[in-house]
Each structure stands twice: as C-alpha cells, then as structure tokens.
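Here's the structure we're looking at; comments come further down.
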Amino acid sequence: MGNRSLRLPAPFEEAIRPYERELMRFVLRMSGNRDDALELFQETCLRAYQAYPRLTCVDAIRAWLYRIATNLCRNHARDARRRTRVIADAGANHREPTADEIGAGQDVEAMAKLIAALPHKQREALTMRKLVGLNYREIGAALGCSVESARANVSLAIKKLRADWSKL
Amino acid sequence: MSSLRPIDRVLSEDSASSAVIDELLRQGRKGVAARLCHVRRPDAAVGITRSPLGPLLVAVGPAGILMISYLRGRDAADEVAALRLKFDPVEDRRAAEEVGDQIRRFLAGDREALSYRADLTLVAGKFQRRLLDRLRQVPFGAVVTYRALGDAIGAPDSQRAVGNAMGANPIPIYVPCHRVVRSDGMIGHYAGGTQVKVKLLRAEGFAVDNNRRLPQQVVWGHLGTRIFCRPHCAAARRADTARLLIFADPQSARHAGMRPCKLCRPC
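Protein chains in written order, with the working numbering: chain A, 13 to 180; chain B, -18 to 248.
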C-alpha cells in the first residue's frame, strides 16, 4: 500500500540554512575575494532553488550544494582567467586571499599561496575536507568522483603542500 | 617532516574571518531574498483528504485546483514530485478537506458542488490540454466516447491516445475524465479504478450495471442542434458524432439546455 503521509520536502530556505555559513566560507576560500564570494554565494543559492525540485535525495543536499558551488567557482575562475588574458592585468579580477582576510601573519600568507597554486580539484577537495569538514563520500559527490578519488585528492594536496612547505 | 600547522590556520575560521563571514552572510541572504523574488514559484496548498473514493492527494494553487491524485498503492511523495517543478508545496489540510467536502456533495448528486476552478498548469502536452479543455464542456449527467472526444478536437481515430491522455489527467473529477466511455457501451478504464468510475457515473444518474455497462435508457444530445433523441432515432444516427453527448436521462439533457427531438419523442 502507498504511504498516506505527505512527507513534503522542507522549504528551500529552511533546507539550506544549516549550510549557508560553511558555503560562504567555502566560496570565499575558493574565490579569495569578498565581492566574488558574495556573488558566488547568491548565484549558488539561486541555482540551488531552481534545481531544488529535481533533488530527489534530500539527504544528499549538502554534497549537492557543494557541487553547485564548486561548478560555479570553476566557471568563475575560468572566466577570470579569460578576462585577465584579455586585459593583460594579472590579479586584477582574481587575487589570492590576503593575510588580512585570513587574519594571520606571513607564514599563513605563504601557505595560502601554496594552497592557491594546487591543482583545482585537489584545492577543492582539500578545502572541503579541512575548512568545511565534509566526509569523503560527500566530497566525492560534490566533485563528481569516487570516494577513493576524493581521498586521493586530499592526500595528494597535503603531500604536495608538505613538499613545497619544506622548500620554503 | 616539517609542520603544516599554517594549513589549519589558513583553512580554519578564526575570530577575524568569522566577522567577515557574518557580514558577508548578512549581505548574501539579503541579496538571495531579493533575487529569489523574481524566480520564486507560487505556493500550492497540498494535503490528503479521505473521501468515499478513497484517500486523495489534493493540491490547490492561487489560480485554482491543480492536482487530485488517487493514492491507490502510490506514494504521496512521488505524486508531489511533478507538482514541485512548478509550485512550492505547502502542507495545508484545510484546502484538501474543502475539496474532499465538495467531492462528497458531488457524489450525493449536487451538480454545483465542484466550485473550485480547474488550473491546467500541470498539463504538459498540447494534445492533452485541448482534450481536457474540450472535456470540460461535457456537462453533469452526460458522457462522451473516447472516439468522439478525439474527433471533437480534430484528431480522428485517436481513441487510444485519448485514453492515455485521460489516464494522465492531473485533476480527475474536476476535469471530468470519468465522463469518457467506450463506444460499445462499456464504461472503460479509469485512473482511480473502475469501481470509482462506476461510483462517479452513478452519482451523475447513469444506472451502470454490474457488468460495467451503460444503461439502455440513455438519450443522445447534439451540441450543434441542441436536440436530444433516442439512440435509434434516424436523426441521431445521421448526426456528426464529434458533437454528440450521451445523457443519462432526458432531464439531464434538458438541464444542459437541449430540447427533445420531434421525431422520436424521447420524453
């Protein structure tokens, strides 16, 4: 027999509220710029709202939100690179996070640069793991890869950072 | 191996960046609210009501009733999935109870009971929309055949497609797909089950027998001439079938604004 209870999915705002803060931290980290982070956050929420009816597994909403945010961050980085190429003004649109934004000293700034120089998939996986605390299953779902691949990306990122850090 | 402690400081939120995040979040929420205004889907009140036809899932939007679904062995969540693409469902039992009450009065023979306007937003195809629009012209106490309904929208020999479209009708009862029957006098199938179709047709005055066959005492009314005849009247048999309705009795035909045929004198 069919289920007689409605079990309606939570309204969109209610569903994403627990993840808004960590999402903002994530896009700020990925874009390295407050204005861009604000725009990316709003765009992520807007696209998530439009796609929300097609989200069949509400339990996976966290990874799903990160997937939207990750794709938008990638698009944003790609567009920024194109713009930079056109106006030959490196760093005009995409600058690394400053020590002030991160709230720390020189060594932290140096580490931020090393992280920014990581391959984008490793950087995304590392940020999701260390900044947001997603588990590997969620990272895999957000990046569209397997759990093993997510684990490998984080591991490789840390390995590379260790190697680069020891050279400094 | 060298320490990677700065990584934790870079990828963690200290008090300074916490204030930044708070401010960004405040601005972000404001911006999202402003932008969502332009794309927000309208709300639809959704609820489950018990009726003599079984449990029904009901959705009512700002422009009228959107969906009635017979929950015979179906999960309500699956039924709501199609609604969610165009509306934001909000649980509201009052709207569902109101619809349930109207259906109870309808089954008791109140021809004016179904007062909600039918909103065909959830109908995807043009063919189905044309059929359902045409079907809404079939009055209480009358039925039409699958073939005649197809003919009426200019799609001859489409009786099977008409049947499929009736099966996918999002608002049964309010858009009366139970008023479509087979040409051989059998009542045909129904999305809510044949027994439900029998109940609905009996409520409209058709004495459907246990073999699910329409009674012999029906009259045929023509939408063009506004005349109703006995089924074997020569005038009725010459008439354009696309505009023929089958009425349960002469009173129903008179109620639909038709007069009796002067040749066969059906009443």
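Ideal placement from N, C-alpha and C gives every residue a C-beta, glycine not left out. If you're wondering where the values come from, they're calculated on a predicted model, not measured in any experiment.
1) When we look at the beta-carbon of L52/A and count the other beta-carbons within 10 Å, is it buried (16 or more) or exposed?
2) Using the three-state DSSP reduction, which class does L51/B fall into: helix, strand or coil?
3) Please report how far the alpha carbon of G12/B lies from the alpha carbon of V20/B, in whole angstroms.
4) Report buried or exposed for V80/B, applying the criterion of at least 16 other Cβ atoms within 10 angstroms of its Cβ.
5) Please look up how many angstroms separate the CB atoms of P65/A and R55/B, rounded, as I've assumed it's under 8 Å.
6) Suppose you measure from the CA of L84/A to the CA of S43/A; what does that come to, to the nearest Å?
7) Which parts of the stretch 17 to 70 of chain B are runs of the alpha helix (DSSP H), unbroken and 4 residues or longer, counting only runs that do not cross its ends?
8) Between D138/B and the ligand GTP, is there a pair consisting of the residue's CB and a ligand heavy atom that are separated by less than 8 Å?
9) Does A15/B pass the burial test, meaning 16 or more other C-beta atoms within 10 Å, or should it be called exposed?
10) Please confirm if L6/B has its CB atom under 9 Å from at least one CB of chain A.
11) Determine whether the beta carbon atoms of C57/A and G144/B lie at a separation below 9 Å.
12) Using a Cβ-Cβ cutoff of 9 Å, what residues of the stretch 114 to 134 of chain B are near chain A? List them in chain order.
13) On the CB-based measure, 16 or more other CB atoms within 10 Å of its CB, does P247/B come out buried or exposed?
14) With contact counted as at least three CB pairs below 8 Å, one residue from each stretch, are the stretch 43 to 53 of chain B and the stretch 162 to 182 of chain B in contact?
15) Would the stretch 113 to 121 of chain B and the stretch 209 to 216 of chain B be scored as touching if the rule is three or more Cβ pairs under 8 Å?
16) Just to confirm before moving on: does the CB-CB distance between P23/B and I84/B stay below 9 Å?
17) Output needed for M(-18)/B: all residues of its chain with C-beta closer than 6 Å, excluding positions within five of it in sequence on either side, in chain order.
18) Are the CB atoms of A229/B and A188/B within a distance shorter than 9 Å?
To lay it out plainly:
1) As a first step, residue 52/A is located in the first sequence; it is residue number 40 there, counting from the start. In the assembly as shown, L52/A is a buried residue. Its beta-carbon has 16 or more other beta-carbons within 10 Å.
2) Here residue 51/B refers to the residue found at position 70 of the second sequence. Rather than Leu, the amino acid found at residue 51/B in this sequence is Tyr. Correct three-state label for Y51/B: strand.
3) Here the question's residue 12/B lines up with position 31 in the second sequence. Here the question's residue 20/B lines up with position 39 in the second sequence. When rounded, the distance between both Cα atoms is 13 Å.
4) For the purposes of this step, residue 80/B is taken as residue 99 along the second sequence, with counting starting at 1. So V80/B counts as buried.
5) As a position in the first sequence, residue 65/A is number 53, starting the count at 1. As a position in the second sequence, residue 55/B is number 74, starting the count at 1. About 19 Å; that fails the 8 Å criterion.
6) In the first sequence, counting from the first residue as 1, residue 84/A sits at position 72. In the first sequence, counting from the first residue as 1, residue 43/A sits at position 31. Each residue's Cα considered, the two are about 10 Å apart.
7) List check, alpha helix (DSSP H) in window: 57 to 65.
8) Questions concerning the ligand GTP fall outside what the structure shown contains, since it holds no ligand whatsoever.
9) Start at 1 with the first residue of the second sequence, and residue 15/B comes out as number 34. By the 10 Å Cβ count, A15/B comes out exposed.
10) In the second sequence, the residue the question calls residue 6/B occupies position 25. Closer than 9 Å: yes.
11) Locating residue 57/A in the first sequence gives position 45, counting from the first residue. Locating residue 144/B in the second sequence gives position 163, counting from the first residue. No.
12) none
13) The sequence position of residue 247/B within the second sequence is 266, counting from 1. Burial call: buried.
14) yes
15) no
16) Within the second sequence, residue 23/B is the residue found at index 42, counting from 1. Within the second sequence, residue 84/B is the residue found at index 103, counting from 1. Contact flag unset, no.
17) On the second sequence, residue -18/B is found 1 positions in, with the first residue counted as 1. Residue placement at M(-18)/B cannot be trusted, given a pLDDT of 42 that sits under 50; the coordinates are not used to answer.
18) Numbered from 1 along the second sequence, position 207 holds the residue referred to as residue 188/B. Numbered from 1 along the second sequence, position 248 holds the residue referred to as residue 229/B. It is a contact, given that the beta carbons lie within the stated cut-off.
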